[in-house]
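Colleague: Residue numbers (full-length UniProt numbering): 1 to 183.
(1) Does DSSP classify residue 105 as helix, strand or coil?
(2) Determine the direct distance from the alpha carbon of residue 173 to that of residue 163, and round the result to whole angstroms.
(3) Let me know the alpha helix (DSSP H) ranges lying completely inside the region 136 to 169, each 4 residues or longer, listed in chain order.
(4) Taking 8 Å as the cut-off, decide whether the C-beta atoms of residue 104 and residue 69 are in contact.
(5) Pick helix, strand or coil for residue 52, following the three-state DSSP scheme.
(6) Measure the C-alpha to C-alpha separation of residue 64 and residue 169 and round it to an integer number of angstroms.
(7) Going straight from the alpha carbon of residue 84 to that of residue 159, what length do you get?
(8) From residue 143 to residue 87, what distance separates their C-alpha atoms?
Have a look at this one:
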């Protein structure tokens, strides 16, 4: 890494092995979903969700593959609300701010903090929060449609009551507290 290159300094702060104490680390599955949320990608591809729901209803397979993605998405937001994680996040943001203060004195990089400020002011984080919540709503609604059809046809579905309870709980949990933010 060349500490004289601004991008190297910022990315060193955000993910260097030298800075592991400041990293926000979670369960692998939550981290995978968190990564997809940050990238603006659906936590689980629509075709996979549809396949897992169909396999559960039509083939009697376990509902875990589609429920796991929904639960992990909600868990990302719960995880980010843990005080220790919030504190690490604030420390990381503060450290990036310090690095930006160092590099903005270089005329060619005077505007580099604009993108970071936009990120911090919430536009980026708000967009990601909205996309994740919308994905959860659409996915839950998608799951309900074949469930209702199967119930109407009196098809026996394994774990139906448990799955409906989980979907209802997840649906109720999609609220204004599901935000990624920085104080």
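No residue lacks a Cβ here, since even glycine has one placed at the ideal position from N, Cα and C.
Modeller: Concretely, from the data shown:
(1) Start at 1 with the first residue of the chain shown, and residue 105 comes out as number 105. In this structure, residue 105 counts as coil in the three-state DSSP scheme.
(2) Along the chain shown, read from residue 1 onward, the residue named residue 163 stands at position 163. Along the chain shown, read from residue 1 onward, the residue named residue 173 stands at position 173. Rounded to the nearest angstrom, the two C-alpha atoms are 15 Å apart.
(3) none
(4) If you number the chain shown from 1, residue 104 lands on position 104. If you number the chain shown from 1, residue 69 lands on position 69. No.
(5) By 1-based counting over the chain shown, the position of residue 52 is 52. In this structure, residue 52 counts as helix in the three-state DSSP scheme.
(6) Within the chain shown, residue 64 is the residue found at index 64, counting from 1. Within the chain shown, residue 169 is the residue found at index 169, counting from 1. Cα-Cα distance, rounded: 15 Å.
(7) Within the chain shown, numbered from 1, the residue matching residue 84 stands at position 84. Within the chain shown, numbered from 1, the residue matching residue 159 stands at position 159. Each residue's alpha carbon lies about 36 Å from the other.
(8) By one-based count along the chain shown, residue 143 stands at place 143. By one-based count along the chain shown, residue 87 stands at place 87. About 36 Å.
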